[in-house]
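The structure appears right after this line, and notes come after that.
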Amino acid sequence: MLIRIQRKNHKFDMVKPHLLDEYIQAGEIRSFNRSSGWAVIGRDPIRGNGRVPYIGPERRKA
């Protein structure tokens, strides 16, 4: 499966899922398409990189 992305130069491309975080960290993409629609970097929540732990109330059901 490939993920459709929009690069900073407004061109579209397809990338493998395991490379998406690298492109986001490098600042190479503006947005990417997910099942709920386009996620815009800097505007929409995106998957974490695991570096900052969540601090807040437990929201998962036991």
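The sequence shown begins at 3 in my numbering and counts up by one. We put the CB at the ideal spot given by N, CA and C, even for glycine.
- Gly44 and Arg61 have their C-alpha atoms spaced approximately 24 Å apart.
- In this structure Ile31 is buried. Its beta-carbon is surrounded by 16 or more other beta-carbon atoms within 10 angstroms.
- Ile31 sits in a strand when the DSSP states are folded into three classes.
- Counting along the chain, no beta strand (DSSP E) covers Met3, and no H or E run does either.
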